[in-house]
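**Student:** For reference, the structure I am asking about is given below.
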Amino acid sequence: MLAPVGLRVVRASSVMAGLVSGGRIAARSIRMVTVSADRRIRPPGDRHHVRVNRRRSWIVLPAAALSVAALGAAVVVVVRAVSSKEAPNVADAVAVALAAVTSGVAVLGWARNRAAPRAARPDQVSAAKDTLVALVRNAWRAESMIRGLEPDPIPVVWRLTDDTGLLHHRHLIGEGSLEGVGNAVAELAGDFLKLRRRRLVITGGPGAGKTTLAIQLLLELTGKGRDPADPVPVLLSLSSWDPAAEDLHSWLTRSLERNYEALGSAEFGSGVALELVRGGHILPVMDGLDELPRPHRAAIVRALNASLDAAESYILTSRTEELAEAVEDAKQPLPSAAVIAPAPLTPADAEGYLRTCLPPAPGPVWENVLDGLRTGELKGLSQLTAAPLGLWLLRAVYIDPQADPAPLTGRLGQDPDELRGHLWDGLISVLLTTRSPGASPAGRAGPPELTPRHVWDAGQTRRHLSYLARVLGKNGTRDLAWWRLGGLVLDADERRRAATTTCLVVGVVFGMVAAFAGRLHPLVTLPVGFSAGLGVMTTTLRGFTGTPGHVSVEFRGRVRDLARQITIVLLLRILIGMVSVSGAALVADAQPGLAIEAGIWAGLALGPGLVLIQWMQQPTPLTAATTPYHGWRASRTLAVLCAAVPGVGGGVVTGLVSGLANGPWFGLRLGVLSGAFLALGLGLTMLRHSAWPAYLITTRHLAEQGKCPRDLMDFLDDAHRLGLLRVVGPVYQFRHADLQDHLAAGTRVPARPRGGA
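Per the working numbering, the very first residue in the sequence shown carries number 236; after that it's consecutive.
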C-alpha cells in the first residue's frame, strides 16, 4: 500500500507544481504585453515608491479571462490523462483542484490590480479637498470642546525661541514677530501663513499646551476665512510613522486613507489621497515627537529634511529637551522652521482665565480663591497655575463639575505638591464620569478614540494605576512594556513557580479529560498530557524574557530562511511519520498498511504547517510605528496561529485515520485529543516569540491578587483614551511624570530581588 500512496503523492505534487508554474508564466506574459502602456502612464521622474493607480487597460481583463480559461482546459486534460486507465483517486483530484484555484486566483488578483480605475481628475481632487476640510474641522472641534479649548482657551503667550541651536537662521524664516496668545490664535495663524515656507515647530515643557496650540491652529486654518488654495491641515501622531519603512509621502497617503475613509468614495476617483499629498494640498500637523524613542526622533528629523521638496510646509510639536536631542543626534537642524516656546503664565493671567470660566458672580468662596491667587497669598495655587496644565487641572476638577472650591482656601492652596496630587486624584473620577462609554462629555459627542470602551470603577482605577506606577518606580523606568511585565513584577523563583503550576494544571486536566472522555488508558494519556504541559512551561519561561512577535508572510529577503526551515522540517516529517505509525498501530489498533499510510499523511499534513509556523514568525520591531495594543494583538495572533496549525492539521489526520479503523465517534474523540496535544506540546514549543503566553500568566497572577484587572491591555488602552497614559512607540507611559510619582506614593510594592534572571 505504501508504494501506490507514494506514487499518488509524487504525481499530485507534480501536477500542482506544473499548473502553478503555468499560471505564473501566463501572468508574466500578460505583464510583458502591457508593460509599455504602464510606462506611458507613470509620470517620468516619479521617485516615490508607492502604489500608483494605473489607467484601465482594455487588454488586461480579456487576457486574464483567457488565461483562466486555459487553466481550466489544462485541468480537464490533466484529469483525463491521469485517470484514463484507473478510477479517480483523492490525491489527484485534490491536487488538480488546488492548483487550478491557486493559479486562477493569482491571475485574477493580478488583473484586478492592473485594471485599476482612472486616476482622479482635478475637479475630483478639489471636491475631495473640500470634503477633507469639513471632516478635519468637525472631528477636532469635538475634541477641542472636550479639552476645554472652546470657548475659553488658556491665554498662553507664544514667542520665537532664543535658542540658536533650534532656531536655524532667523532670516530664512521670513518677516514678522510670530507672537500670539492662545486665546487669540487668529493672529498667530496669520503670522504662520506669512512665513516663507510655513514651517512651525511648537516647543515647551510638560503641560505647556503644545498639542492644544496645534489643535487651535488647525481649527483656525480650516475656518471660514481660509483660502481654498491653502493646504488642509491634518493632525497626525508621529507614533504611526516609521521612516525606515516608508517615506513621508507614503505615510501621509496611508494615514489619510485610514483616518478619512470618505476619501475612498467613487465620486472622487481612484487614489485621491495620493493626489492630495503629491499636489501639496496637505499640511501635516505632526504631534508627539517627544513621545518617540530617542533614535526614532533623530530618524524623523532626517526624514523630514530629506522630504522637504514633498512637504514644503508642516507643523511639529515636541518638548524642548527632546527636540534638542533629536537635532543633535541627527546632526542637522530643521531648516527655515520657526521655533516657538510659551511664556510662563502670571497670576493675573490665571485669574483672568478662571473668571472667564466662572459665572459673573461666582460667589464669596470663589472670590476668596481668586483674590488669594492674584495676591500670592495662596502661593501653592499661584505656583500650580503658572503652567497651563495646572490651570487646566483646576478647571477640570472644580469648575466644570461645579465642585465646592472651599478646600482650595485652606492647606491645599498653600502647598503646590499636595494640591497637584489632589487634582490628579479628582481628575481620574471626573474623566471616568464624563467619558464613560455612551456618555457625551458636557452634552457633546466626542471622537470615539477619546471614549473608553469599558466601564471602570474610579477607586479601582486609581489602585491599579498606583500599583503599576510603583512597579515602574521600583524598576527605575517610565516605560510600561506589556511583554516585560512578568520580569517587572515577578522574580526568578516566582516565574518558575508560575510556569511549573501551569505545567501541572495542563498535564492533569489534559490527562484526565483524555482518560474519561476519550476512554483511553491513563498510562497513555497522563504522559501525553504532561508532555503538553512541559511545552507550555517551556514557552512561558522563555516568554518572560522574550520579545513580542508577529505574523509575516513577506518573501522579500527571506527565501534563504524559508529553504532552511524546509530542510529542518523534512527531518521532523520523518519523525512525525514514525510516531504516527506507532500511534495508529498501538492506540487505534489499525492494520499495518493503514498505520503506514497514516504516518505518511501525518507527515504531509504537519510538514507544511511546521514550515509555515517557523518561517512566518518575525520579531515585532520595537519602534514608534507599533502601538502597545496592536503589538499585543499581533503577538496573541502569532501564538494562536502557531498552536492552531499543527493542532488542526494533526487532529484532522488522526481523527480520519482512527475513524476508519474504529468508527467515526472514536475518530472524533482521538482527533480532538491529538489536536490539543499537538497544539500545546508542539505548536507552542515552536513559538519563538512567546511574550504573549507569559503575559497571560502574569496578568492572571496579578488579577488573583487584586493588583490589576484580568483584561489589563483593555484597561491600559482605556486609560490612554482618557488621557491618563500616553503611547510612546510600543510602550505606555504616564501622561506626566508627576502623575506617576503621585500615584506611586499611594501603593506599596515590594522591591524585586536583585538575584535571578
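Glycine residues also receive a C-beta, built at the ideal position from the N, C-alpha and C atoms.
(1) Considering only DSSP beta bridges, list what I575 is partnered with.
(2) Would you check if the distance between the CB atom of S870 and the CB atom of A929 is smaller than 8 Å?
(3) Look at R945 and A938 and say whether their C-beta atoms are less than 8 Å apart.
(4) Helix, strand or coil: which one does DSSP assign to T773?
(5) In this structure, how does DSSP classify T591 when only helix, strand and coil are distinguished?
(6) State whether the region 577-595 contacts the region 545-559, with contact taken as three or more CB pairs (one from each stretch) at a distance under 8 Å.
(7) Hey, could you find the ends of the alpha helix (DSSP H) V907 is sitting in?
(8) Considering only the beta carbon of each residue, do A733 and H936 sit closer than 8 Å?
(9) Among all the DSSP beta bridges, which residues are the ones paired with Q852?
(10) Quick one: grab the DSSP three-state call for P863.
(11) Taking R961 as part of the beta strand (DSSP E), name the residues at either end of that continuous run.
(12) Report yes if the C-beta distance between T1004 and P783 is below 8 Å; otherwise report no.
(13) Pick helix, strand or coil for Y495, following the three-state DSSP scheme.
(14) Measure the alpha-carbon distance for L511 versus T862 and round it to whole angstroms.
(15) If we count the other Cβ atoms within 10 Å of its Cβ and call it buried at 16 or more, is A1009 buried or exposed?
(16) Assuming contact is defined by CB atoms lying nearer than 8 Å, are L487 and P468 in contact in what I supplied?
(17) Report the residue from P388, S490, A508 whose alpha carbon sits nearest the alpha carbon of V520.
(18) Can you tell me whether DSSP reads D522 as helix, strand or coil?
(19) According to DSSP, is S553 helix, strand or coil?
(20) Under DSSP, the beta strand (DSSP E) around F969 begins and ends at which residues?
(21) DSSP three-state call for P468: helix, strand or coil?
(22) Report the rounded CA-to-CA distance for D824 versus V887, giving the unit in angstroms.
(23) Taking three-plus beta-carbon pairs below 8 Å as touching, is the region 710-725 in contact with the region 764-774?
(24) I'd like to know whether the C-beta of P944 is nearer than 8 Å to at least one C-beta of chain C.
(25) Over what stretch of residues does the alpha helix (DSSP H) that includes H977 continue unbroken?
(26) Where does A419 fall in DSSP's three states?
(27) Relative to the alpha-carbon of H689, which residue among D949, M747, D365 has its alpha-carbon at the smallest distance?
(28) Would the beta-carbon of T934 fall within 8 Å of that of L947?
(29) For the 8 Å Cβ check, are there 3 or more pairs between the region 529-538 and the region 490-509?
(30) Give the DSSP-derived three-state secondary structure of I517 in the structure shown.
(31) Keeping to the same chain, check which residues put their C-beta closer than 6 Å to that of D652; ignore five residues upstream and five downstream.
(32) How should A775 be labelled, buried or exposed, when 16 other C-beta atoms within 10 angstroms of its C-beta is the threshold for buried?
(33) Starting from L922, trace the alpha helix (DSSP H) in both directions and tell me its first and last residue.
(34) Please name the residue in F912, G902, L647, R630 whose C-alpha comes closest to that of V880.
(35) At a cut of 8 Å, does the region 435-453 reach the region 616-627 through at least three beta carbon pairs?
(36) Pop quiz: L715 and V966 are said to be a contact at Cβ under 8 Å. What is the actual Cβ separation, rounded to whole angstroms?
**Tutor:** Put simply:
(1) L395, I437
(2) no
(3) yes
(4) helix
(5) helix
(6) no
(7) 899-912
(8) yes
(9) V786
(10) helix
(11) 960-963
(12) Since the first and last residues shown for the chain are 236 and 992, residue 1004 lies out of range.
(13) coil
(14) 27 Å
(15) Because residue 1009 is not part of the residues shown, which for the chain are 236 to 992, the question remains open.
(16) no
(17) S490
(18) strand
(19) coil
(20) 966-969
(21) strand
(22) Confidence is the limiting factor: at D824 the pLDDT is only 49, short of 50, which leaves the residue's position unreliable, though a coordinate-based value still follows. The straight-line gap from Cα to Cα measures roughly 18 Å.
(23) no
(24) Protein chains in the displayed structure number just one, and chain C is not present.
(25) 972-979
(26) strand
(27) D949
(28) yes
(29) no
(30) strand
(31) none
(32) Correcting the residue type first, residue 775 is Thr in the shown sequence and not Ala. Per the 10 Å Cβ criterion, buried.
(33) That residue, L922, is in no alpha helix (DSSP H); it is neither H nor E in DSSP.
(34) F912
(35) yes
(36) 6 Å
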